[in-house]
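Here the working numbering runs 28 ahead of the position in the sequence shown, where the first position is 1. Take a look at the structure set out below.
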Amino acid sequence: RMPKSGSASLMSWMARELNVTARYNGHKKTNATWWTPHIAKHRWLQNDERDEFIYMLRSFGHQSPFVTQRHVYHTPEARFAHPDGIVLVNMVREPISRCISRYNYEAFYKRRIPPIDFDDCLDDETQCNFDHWTEQHEYSNFPVPKSQASSEDRRIFLQLSRNDSIALLRDECHDYMTRWFCGHTYECRDPQRPRLALALAMLHIRDHYVHVGLLEDLPNTAQIFRLRLPSFFAGNPQHNPDEADFPQLHSKKAPPSKLSATEKELFKKTKSSPLSSRNLHRLTLANQRDIELYNYIVHLHNYRLDLCLEETSPNPSSSSQRRWPPPLPTDIKNELKQYKSL
């Protein structure tokens, strides 16, 4: 699942919907297992880690259906890992908004970097410089020092956490979604052919996923999941998903008890102020492929909605020419054609 795109809220809805679906099918609760494979604790997996991930998928869930999730790059072979078949879903967010959300999470929720406005961090180009990306292969979870820890231990912890958060921002705020949906292979990071990664990402989203929804349209995202995966998420047929079904998570964190008056004031701030036009432009330049990919996902989402409306209409039009999958953009098709001819 794509980080900072509302997937935690969607998973909360999914977990409830599994039991609601079971009750409407005459069962007390769902027989589906919610499973988190711990091998995929890093987002980018080496070949041996991918092999182990696929093996775990293949060996799990023979007794009942299961739902699994992890922040891990698109892994095409996962679709064929299980004898009963695996279907993929995901959700995305407008790229600049997602980058800002990551900053707010690190600065104002986790407090792993100084809680200053994103603009101020971007103006200090030694910190928030996203002109180039630095991939975070592994993500550290540094233990918080205990109350009796020395000041030096606390200083080291804060420095390690800060470095990790800044590296994470440099990774996630530069065409991250393109690399995510492209996958783990070299083609997805080839600096000589940046359009190839975008082309593969578009192809994977269109052909490998049951649906990739939008945080900006959660109700219709959930409705498509219900229609496409009714045995899991059909839910209450009398209720259509709305915004109230999706809780906001990671929005505010209670402050520690021992804070100075100045620190307490800082804790009142829960997110950054709006970006200046200059810094908004800089982030736009750093995420041009992601913005193009996001617009393509919006197109697929709306296309799927129209298709679902046609299929569920009591009077479907026999003249409709809408079919799945829709064609890829011409330049993307040409990029893929060149790639396959190599």
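Think of the CB as a built atom: it goes at the ideal place given N, C-alpha and C, for glycine as much as any other residue. Because the structure is a prediction, the values reported are computed rather than measured.
- Item | Own chain residues within Cβ distance below 8 Å of Pro-353, not counting five before or after | Translated into the one-based positions of the sequence shown, residue 353 becomes position 325. Excluding positions up to five away in sequence, the list reads Arg-234 and Asp-235.
- Message: For Tyr-367 and Leu-257, which I take to be in contact (beta-carbon distance under 8 Å), what is that distance rounded to the nearest angstrom?
- Response: The sequence position of residue 367 within the sequence shown is 339, counting from 1. The sequence position of residue 257 within the sequence shown is 229, counting from 1. Cβ-Cβ separation between Tyr-367 and Leu-257: approximately 31 Å, too far for a contact (criterion under 8 Å).
- Query: Quick one: what's Phe-81 bridged to in DSSP?
  - Reply: Counting from one through the sequence shown, the residue named residue 81 turns up at place 53. Looking at the DSSP assignment, Phe-81 forms no beta bridge with any residue, so it has no partner.
- Query: Between which two residues does the beta strand (DSSP E) harbouring Tyr-214 extend?
  - Reply: Along the sequence shown, one-based indexing puts residue 214 at 186. Per DSSP, Tyr-214 is not a residue of any beta strand (DSSP E), being assigned neither H nor E.
- Classify Met-119 as helix, strand or coil using the three-state DSSP reduction. Here the question's residue 119 lines up with position 91 in the sequence shown. Residue state, collapsed to three classes: strand.
- Message: In whole angstroms, give me the CA-to-CA distance for Met-25 and Asp-318.
- Response: Since the displayed the chain opens at 29 and closes at 370, residue 25 lies outside it and no answer follows.
- Host alpha helix (DSSP H) of Tyr-324 (start-end): Mapped onto the sequence shown, residue 324 falls at position 296. Where Tyr-324 is concerned, the enclosing alpha helix (DSSP H) stretches over 316 to 340.
- Query: Any idea if Ser-369 is buried or exposed, counting beta-carbon neighbours within 10 angstroms, 16 or more meaning buried?
  - Reply: In the sequence shown, residue 369 corresponds to position 341, counting from 1. Its Cβ having fewer than 16 others within 10 Å, Ser-369 is exposed.
- Message: Let me check understanding here. Comparing Cα to Cα, which of Asn-315, Arg-306 and Pro-265 lies closest to His-202?
- Response: What you label residue 202 is simply residue 174 of the sequence shown in a count that begins at 1. Comparing alpha carbon positions, the residue from Asn-315, Arg-306 and Pro-265 closest to His-202 is Asn-315.
- Message: Buried or exposed for Gln-251, going by 16 or more other Cβ atoms inside 10 Å?
- Response: The sequence position of residue 251 within the sequence shown is 223, counting from 1. Gln-251 counts as buried, since at least 16 other C-beta atoms from the protein chains shown sit within 10 angstroms of its C-beta.
- Query: When the Cα atoms are used, what is the spatial distance from Pro-357 to Lys-365?
  - Reply: The count along the sequence shown starts at 1 and reaches residue 357 at position 329. The count along the sequence shown starts at 1 and reaches residue 365 at position 337. Approximately 12 Å between the Cα atoms of the pair.
- Message: Taking 8 Å as the cut-off, does the region 321 to 334 touch the region 144 to 154 (at least 3 CB pairs, one atom from each stretch)?
- Response: Not touching, per the Cβ criterion.
- Hey, out of Gly-263, Gly-241 and Pro-275, whose CA is closest to Tyr-322's CA? As a position in the sequence shown, residue 322 is number 294, starting the count at 1. Here the closest residue by C-alpha is Gly-241.
- Per-residue burial, Phe-108 [other beta carbons within 10 Å of its own, 16 or more giving buried]: For the purposes of this step, residue 108 is taken as residue 80 along the sequence shown, with counting starting at 1. Counting the other CB atoms within 10 Å of its CB gives Phe-108 a total below 16, which places it among the exposed residues.
- Query: Looking at C-alpha atoms only, which residue of Thr-298, Arg-306, Thr-249 and Ser-304 is the closest neighbour of Cys-336?
  - Reply: Translated into the one-based positions of the sequence shown, residue 336 becomes position 308. The residue from Thr-298, Arg-306, Thr-249 and Ser-304 with its alpha-carbon nearest to that of Cys-336 is Thr-249.
- Message: When you compare the CB positions of His-212 and Arg-78, do they come within less than 8 Å of one another, or not?
- Response: What you label residue 212 is simply residue 184 of the sequence shown in a count that begins at 1. What you label residue 78 is simply residue 50 of the sequence shown in a count that begins at 1. Their beta carbons are under 8 Å apart, which means His-212 touches Arg-78 by this criterion.
- Item | Reference Arg-310, options Pro-142, Arg-71, His-160 and Asp-334, closest by Cα | Position 282 of the sequence shown holds residue 310. Distances from the CA of Arg-310 to each of Pro-142, Arg-71, His-160 and Asp-334 were compared; the closest alpha carbon is that of His-160.
- Would you mind giving the Cβ-Cβ distance between Pro-93 and Asn-59, rounded to the nearest angstrom? I have them listed as a contact below 8 Å. Looking up residue 93 in the sequence shown gives position 65. Looking up residue 59 in the sequence shown gives position 31. The Cβ separation is near 7 Å, so the contact holds.
- Provide the residue(s) that pair with His-239 in DSSP beta bridges, ordered along the chain. The count along the sequence shown starts at 1 and reaches residue 239 at position 211. His-239 is bridged by DSSP to Val-117.
- For Thr-103, which of Ile-128, Cys-216, Phe-260 and Ser-35 has the nearest alpha-carbon? As a working mapping, residue 103 is identified with position 75 in the sequence shown. Ranking the options by Cα distance to Thr-103, first place goes to Cys-216.
- Message: Assuming the contact rule is C-beta atoms closer than 8 Å, Ile-114 and Gln-155 should be a hit. Round their C-beta distance to whole Å, please.
- Response: Locating residue 114 in the sequence shown gives position 86, counting from the first residue. Locating residue 155 in the sequence shown gives position 127, counting from the first residue. Not really, about 40 Å apart at Cβ, beyond 8 Å.
- Item | DSSP-derived helix/strand/coil call for Phe-158 | Working through the sequence shown from its first residue, we reach residue 158 at position 130. Phe-158: coil per DSSP, three-state reduction.
- Task: Go ahead and label Asp-151 buried or exposed: buried means 16 or more other beta carbons lie within 10 angstroms of its beta carbon, across all protein chains shown.
- Result: On the sequence shown, residue 151 is found 123 positions in, with the first residue counted as 1. The Cβ neighbour count for Asp-151, taken over all protein chains shown within 10 Å, is under 16; the residue is labelled exposed.
- For Arg-75, does the count of other Cβ atoms within 10 angstroms reach 16, so buried, or fall short, so exposed? In the sequence shown, residue 75 corresponds to position 47, counting from 1. A small fix is needed here, since residue 75 is Asn in this sequence, not Arg. By the 10 Å Cβ count, Asn-75 comes out exposed.
- Task: Could you check the C-alpha separation between Ser-341 and Leu-196 for me, to the nearest Å?
- Result: What you label residue 341 is simply residue 313 of the sequence shown in a count that begins at 1. What you label residue 196 is simply residue 168 of the sequence shown in a count that begins at 1. Take the alpha-carbon of Ser-341 and the one of Leu-196: they are about 46 Å apart.
- Decide if Asn-132 is buried, meaning its Cβ has at least 16 other Cβ atoms within 10 Å, or exposed. Position 104 of the sequence shown holds residue 132. Buried.
- My understanding is that Phe-261 touches Thr-49, with C-beta atoms under 8 Å, so please give their C-beta distance in whole angstroms. Stepping through the sequence shown from its first residue, residue 261 is reached at position 233. Stepping through the sequence shown from its first residue, residue 49 is reached at position 21. With 8 Å as the limit, Phe-261 and Thr-49 qualify as a contact, their Cβ atoms being about 6 Å apart.
- Task: Please confirm whether Arg-140 and Glu-134 have their CB atoms less than 8 Å apart.
- Result: Numbered from 1 along the sequence shown, position 112 holds the residue referred to as residue 140. Numbered from 1 along the sequence shown, position 106 holds the residue referred to as residue 134. The Cβ atoms of Arg-140 and Glu-134 lie closer than 8 Å to each other.
- Query: Would a C-beta distance cut-off of 8 Å place Pro-142 and Thr-96 closer than the cut-off?
  - Reply: Counting from one through the sequence shown, the residue named residue 142 turns up at place 114. Counting from one through the sequence shown, the residue named residue 96 turns up at place 68. Contact flag unset, no.
- Message: Taking the alpha carbon of Pro-123 as the reference point, which residue from His-55, Glu-320 and Arg-351 has its own alpha carbon closest?
- Response: Against the sequence shown, residue 123 aligns to sequence position 95. Comparing Cα-Cα distances from Pro-123 to each of His-55, Glu-320 and Arg-351, the minimum goes to Glu-320.
- Query: In whole angstroms, what separates the C-alpha of Tyr-83 from that of Leu-255?
  - Reply: Indexing the sequence shown from 1 puts residue 83 at position 55. Indexing the sequence shown from 1 puts residue 255 at position 227. Going by the C-alpha atoms only, they are around 30 Å apart.
- Lys-57 to Leu-226 span [Cα, whole Å]: In the sequence shown, residue 57 corresponds to position 29, counting from 1. In the sequence shown, residue 226 corresponds to position 198, counting from 1. Separation of Lys-57 and Leu-226 (C-alpha to C-alpha, rounded to the nearest whole angstrom) is 41 Å.
- CA-CA distance, Met-230 and Met-119? Residue mapping note: residue 230 aligns to position 202 of the sequence shown, counting from 1. Residue mapping note: residue 119 aligns to position 91 of the sequence shown, counting from 1. So the alpha carbons of these two residues sit roughly 14 Å apart.
- For Val-100, does the three-state DSSP call read helix, strand or coil? Here residue 100 refers to the residue found at position 72 of the sequence shown. Val-100: coil per DSSP, three-state reduction.
- Ala-106 burial status per 10 Å Cβ neighbour count (16 or more: buried): On the sequence shown, residue 106 is found 78 positions in, with the first residue counted as 1. By the neighbour-count rule (16 or more Cβ atoms within 10 Å), Ala-106 is buried.
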